[in-house]
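The opening position of the sequence shown corresponds to residue 264 in the working numbering, with each subsequent residue numbered one higher.
For each residue, glycine too, the CB sits at the ideal point set by N, CA and C.
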Amino acid sequence: MRYSQDHKAQTHQRIIKEAAERFRRDGIGATGLQPLMKALGLTHGGFYSHFKSKDDLVEKALQAAAAELDAHCATLFAQERPLPAFIDSYLSERHQTCPGQGCPLPTMSSELGLRGQASPTTDAVLNTRLAQVEANLEGENTADQSLVIMSTLVGALVLSRSVENPDLAKRILDVTREHLKKQDGQAE
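Pasting the structure below:
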């Protein structure tokens, strides 16, 4: 049975959406193509009618995750106090416990870096966040400040996800959040 082009396009998007969530939640290496396709009710062989390779899917999934993040950040940076809203959201318990719906930088960029597979999409995600943060800073060296803030946010999230003790994980998020907001005169 032949499917319409629309059906193929919808299936293609379903695969990307599922992969984007799994790559952020489980990691790229731990996400096998066969279980991914099976979860969508598709065959492993059908994967190659949609993508050239797993690397092709990784890049498209990273782009999809970036688009989700852009939409979320657009609402945060439209608020009256955008930088504290962004910091609060980034270092929230939800972001810590639901990596599949969060920023791809903590999970995917570290794995891509270790594999020697840097991505232009990772650069784009980071540069967009840096520009948004920098636009909400005052004083000198705002470009450097934004880089420190983003590095601190990503690092704190990675650490909070990696510790076994939930009190320590919460403390990492809370202390980092409050420190960043005080450093920029944003503490409430």
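Boundaries (first-last residue) of the alpha helix (DSSP H) holding residue i
i: residue 277; result: 268-289
i: residue 446; result: 429-446
i: residue 403; result: Here residue 403 belongs to no alpha helix (DSSP H), and DSSP marks it neither H nor E.
i: residue 359; result: 356-360
i: residue 395; result: 383-397
Closest by C-alpha distance to residue i, when choosing among the options
i: residue 362; options: 402, 283 and 302; result: 283
i: residue 318; options: 391, 297, 277 and 382; result: 382
Proximity of residue i and residue j at Cβ, strictly below 8 Å
i: residue 369; j: residue 329; result: no
i: residue 325; j: residue 415; result: no
i: residue 339; j: residue 348; result: yes
i: residue 413; j: residue 443; result: no
Three-way DSSP call (helix, strand, coil) for residue i in this model
i: residue 378; result: coil
i: residue 339; result: helix
i: residue 345; result: helix
i: residue 451; result: Per-residue confidence for residue 451 stands at a pLDDT of 46, beneath the threshold of 50, marking its modelled position as unreliable; no derived number is given.
i: residue 423; result: helix
i: residue 312; result: helix
i: residue 363; result: helix
i: residue 299; result: helix
i: residue 307; result: helix
Assumed close pair residue i, residue j - CB separation to whole angstroms, cut-off 8 Å
i: residue 286; j: residue 371; result: 6 Å
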